[in-house]
Amino acid sequence: TTPAQRDAVAKYREEVGKRSERDRTTEAADAPKTGVATGAMAVNPVTGKEVPIWIADYVLASYGTGAVFACPAGDERDHAFATKFGLPIIEVVKPPAGAPSVQEAAYTGDGPHVNSEFLDGLDNEQAKLKVIEWLEQRQLGEKSIRYKLRDWLFSRQRYWGEPFPTYTMPDDSVHLVPKDELPVALPQIDEYKPTRDGAPPLARATDWLPYQGGTRETNTMPQWAGSCWYYLRFLSPNNGDIGWDPAEEKYWMPVDLYVGGNEHAVLHLLYARFWHKVLYDAGFVSTKEPFQRLFHQGMIHKTSFREASGKYHHDHEVEQRDGKWFVKGTETPVETKLDKMSKSKYNVVNPDDMANEYGADAMRMYELFMGPLEDGVEWETSGVAGTRRFLDRTWRLAIDPETDSLIGKVSDSAPADNKELERTLHAAIKKVTQAVADLRFNTAIAEMMVFVNEATKATAIPKAWFESFVKILSPFAPHVAEELWKRLGHTTTISYEPWPAFDEAKLARDVMVIAVQVMGKLRSQIEVPNDATEATILAAAKADDKVLQFLEGKPIKREIYVKGRLVNLVV
């Protein structure tokens, strides 16, 4: 960096340093490009021409060597950067006919090289090999392959982790502790900070540190040293002799269903599966695969608000005017984007706030009701208010809000003659049971809402019916269900109650709904007994008040009946 640019570079580094590499990676594709010139020049070893050196936040230290030779004509981010800072954009690969000029947009495809001296006419792969050969012949560089999979450091300089079962002697030789002392437990320490000289926290355990004339290792293993096989430990959590009982492992493994999240696919799930296969090869487990079924839930997103400068705002700091968003009380515009929730983007929802305002069950039900579990969905706080209203309606079915006691509508003496309510209950039990097995929790909640709608219309509800409903509600709204269960007269928890069964015979309707059309247009719907004859159905259709309006003074030329579905009258 030249003296003239030193302050500008220092200021820019300080600004960029406030954001993590992960955030910069996420933002790199569509964020406005920023950067600063160092004032220094590099020399292109092939052409001998000078190339300006810039610092930019979208170039990552962990990628390649941490520096890139920008090609604005062939890379979208380089193109945006060059356009913003007025840098030259030189065509190096010929786009196909009809493609925009590289001055307008980067061409990222393949094609013959141009403006590239001895590489002219070669495609991308040929040009790479040719220029590597050229550089090697002149000892200006050599071919190397860089892998995205990097060595992973296994030690951590913190307290929380498994201690290494090793110790080092004065001659620097390293030894394992005896097997009968495994696992090595974490010692008690007064402070979890590193020591004054920078040693890990375990160095504070001065009584524990000396061992067999040597010194114990003070680094600890990373958290995934334990998390990669935790599911096996779950099989025998109280066994103090071995990690898991072989008989229990054979009985329980593999895991039937693993609900993870796609963000774990390249970390936890990768090493958990790797270590399981190691254990299988060593004869410690009986299954080749640890997980039989893997299900990735979708991500919950929420709108973020960002100024052109890159500064983010909380949603309570912005307002909408004429279809556009601004920082409140200013003319500063902000861009909106549906992002995954992130503290750095100020679009996180605090679950404690939601629970305090609407109740934990309302929030829980909303998350289950947002849509199919595997889909990405947008957070809407109004949805939590909606599930709260549903729970309030459910509560009022049985409880007097003033006395907090059971009302007469729900009782043992209520007649069990409401066939439609009984049918709706058994349909809810059946569909909720299947929906839970299929991880279709939104469908299950929708079915419970159908029952509550029907129960609201009823003048009386048999207590046994309502208890069955509370049981299927319990996994979705455990707090409300437990309180209802207590007010229904029970002294034990609902958690240990058996899941209710449905009666297939009670799912059939006593009546069927028939659509009535006149000249092919829907004019009404009628209910008729399931065993009604065609003549009875046609007579009921023609006698319906809504249908009569369209029959007055018009002779019926033809009567069409589609069994169990509709009647169409042609006049």
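The opening residue of the sequence shown carries number 455 in this note's numbering; numbering runs sequentially from there.
Quick reminder that beta carbons are idealized off the backbone N, C-alpha and C, glycines included.
Every value quoted in this text rests on a predicted model; they were computed, and no experiment measured them.
Inset, instruction - Mark N569 as exposed unless 16 or more other C-beta atoms lie within 10 angstroms of its C-beta, in which case mark it buried. - result: What you label residue 569 is simply residue 115 of the sequence shown in a count that begins at 1. With fewer than 16 other beta carbons inside 10 angstroms of its own, N569 counts as exposed.
Inset, instruction - Jot down the residue ranges of each uninterrupted beta strand (DSSP E) in the stretch 773-809, minimum 3 residues, whole runs only, in chain order. - result: List check, beta strand (DSSP E) in window: 778-781 and 789-794.
Legend entry - Exposure of E901, with buried meaning 16 or more beta-carbon neighbours within 10 Å: Taking the first residue of the sequence shown as 1, we reach residue 901 at position 447. E901 counts as buried, since at least 16 other C-beta atoms from the protein chains shown sit within 10 angstroms of its C-beta.
Inset, instruction - Flag this pair as yes or no: are the beta carbons of N673 and F738 separated by less than 9 Å? - result: Within the sequence shown, numbered from 1, the residue matching residue 673 stands at position 219. Within the sequence shown, numbered from 1, the residue matching residue 738 stands at position 284. For N673 and F738, no; Cβs fall outside 9 Å.
Inset, instruction - Ignore the nearest five residues each way along the sequence and tell me which others in V490's own chain have a CB closer than 6 Å to its CB. - result: Taking the sequence shown and counting its residues from 1, one reaches residue 490 at position 36. By the criterion of a C-beta distance shorter than 6 Å, V490 is surrounded in its chain by A462, V463, Y466 and I509, once the five residues flanking it on both sides are discounted.
Inset, instruction - Using the DSSP secondary-structure output, state which residues sit across from Q979 in a beta bridge. - result: In the sequence shown, residue 979 corresponds to position 525, counting from 1. Residue pairing of Q979 in beta bridges, as defined by DSSP: A969.
Inset, instruction - Under 7 Å Cβ to Cβ from G751, same chain only, skipping five residues before and after it: list those, please. - result: Here residue 751 refers to the residue found at position 297 when the sequence shown is read from its first residue. According to the sequence shown, residue 751 is Gln rather than Gly. Counting only Cβ-Cβ distances below 7 Å, and skipping sequence neighbours, we find V713, G715, L827 and E828.
Legend entry - Reduced DSSP category for V709 - H, G, I as helix; E, B as strand; rest coil: By 1-based counting over the sequence shown, the position of residue 709 is 255. In this structure, V709 counts as strand in the three-state DSSP scheme.
Inset, instruction - Just the C-alpha distance for H718 and S681, rounded to the nearest angstrom, thanks. - result: Locating residue 718 in the sequence shown gives position 264, where the first residue counts as 1. Locating residue 681 in the sequence shown gives position 227, where the first residue counts as 1. Distance from the CA of H718 to the CA of S681, rounded to the nearest whole angstrom, comes to 12 Å.
Legend entry - Buried versus exposed call for F930 [16 or more other C-beta atoms within 10 Å across all chains shown]: On the sequence shown, position 476 is the one that residue 930 refers to. Buried, by the Cβ-count rule.
Inset, instruction - Report the rounded CA-to-CA distance for G615 versus L656, giving the unit in angstroms. - result: Looking up residue 615 in the sequence shown gives position 161. Looking up residue 656 in the sequence shown gives position 202. Straight-line spacing of the CA atoms in G615 and L656 works out to 10 Å.
Inset, instruction - Leaving aside the five residues before and after R610 along the sequence, list all residues of the same chain whose C-beta is less than 6 Å from its C-beta, in chain order. - result: As a first step, residue 610 must be located in the sequence shown, where it is residue number 156. Correct list, in chain order: T674 and P676.
Inset, instruction - Indicate whether F1004 and V1025 have their beta-carbon atoms separated by less than 9 Å. - result: By 1-based counting over the sequence shown, the position of residue 1004 is 550. By 1-based counting over the sequence shown, the position of residue 1025 is 571. Against a cut-off of 9 Å, the Cβ pair of V1025 and F1004 comes out as a contact.
Inset, instruction - Check whether the Cβ atoms of H533 and V505 lie closer than 9 Å to each other. - result: Position 79 of the sequence shown holds residue 533. Position 51 of the sequence shown holds residue 505. No, the pair does not count as a contact, with Cβ atoms beyond the cut-off.
Inset, instruction - Determine the burial state of A891: buried for a count of at least 16 other Cβ atoms within 10 Å of its Cβ, exposed for fewer. - result: As a working mapping, residue 891 is identified with position 437 in the sequence shown. Only exposed fits A891, as fewer than 16 other CB atoms lie within 10 angstroms of its CB.
Inset, instruction - Could you pull the start and end residues of the alpha helix (DSSP H) that S922 belongs to? - result: To locate residue 922, count along the sequence shown from 1; it is residue 468. Here the alpha helix (DSSP H) through S922 covers K917 to L927.
Legend entry - Among I1014, P554, F539 and S516, the one whose alpha carbon lies nearest that of G528: Taking the sequence shown and counting its residues from 1, the one referred to as residue 528 is at position 74. Put simply, of I1014, P554, F539 and S516 the residue whose alpha carbon is nearest the alpha carbon of G528 is P554.
Inset, instruction - Take H629 as the anchor and find which of P648, P641, Q666 and W606 has the nearest alpha-carbon. - result: In the sequence shown, counting from the first residue as 1, residue 629 sits at position 175. When each option's Cα is compared against that of H629, the closest is Q666.
Legend entry - Distance between P932 and K911 (C-alpha atoms, nearest Å): Indexing the sequence shown from 1 puts residue 911 at position 457. Indexing the sequence shown from 1 puts residue 932 at position 478. Their Cα atoms are separated by approximately 25 Å.
Inset, instruction - Please specify which runs of the beta strand (DSSP E), each continuous and at least 3 residues long, are wholly inside the stretch 508-562, giving them in chain order. - result: DSSP runs (the beta strand (DSSP E)) wholly in the stretch 508-562: none.
Legend entry - R842 versus A809: straight-line alpha-carbon distance, rounded: On the sequence shown, residue 842 is found 388 positions in, with the first residue counted as 1. On the sequence shown, residue 809 is found 355 positions in, with the first residue counted as 1. In this structure, the CA atom of R842 is about 11 Å from the CA atom of A809.
Inset, instruction - Determine the closest residue to K487 out of D793, I861 and P526, with distance taken between C-alpha atoms. - result: Looking up residue 487 in the sequence shown gives position 33. When only C-alpha atoms are compared, the closest one is P526.
Inset, instruction - Pull up the DSSP beta-bridge partners for E504, would you. - result: Counting from one through the sequence shown, the residue named residue 504 turns up at place 50. Answer is V497.
Inset, instruction - Answer with buried or exposed for E958, where buried requires no fewer than 16 other C-beta atoms within 10 angstroms of its C-beta. - result: Translated into the one-based positions of the sequence shown, residue 958 becomes position 504. By the neighbour-count rule (16 or more Cβ atoms within 10 Å), E958 is not buried but exposed.
Inset, instruction - Could you tell me whether the Cβ atoms of P869 and P916 are closer together than 9 Å? - result: The sequence position of residue 869 within the sequence shown is 415, counting from 1. The sequence position of residue 916 within the sequence shown is 462, counting from 1. Going by beta carbons, P869 and P916 fall inside the 9 Å limit.
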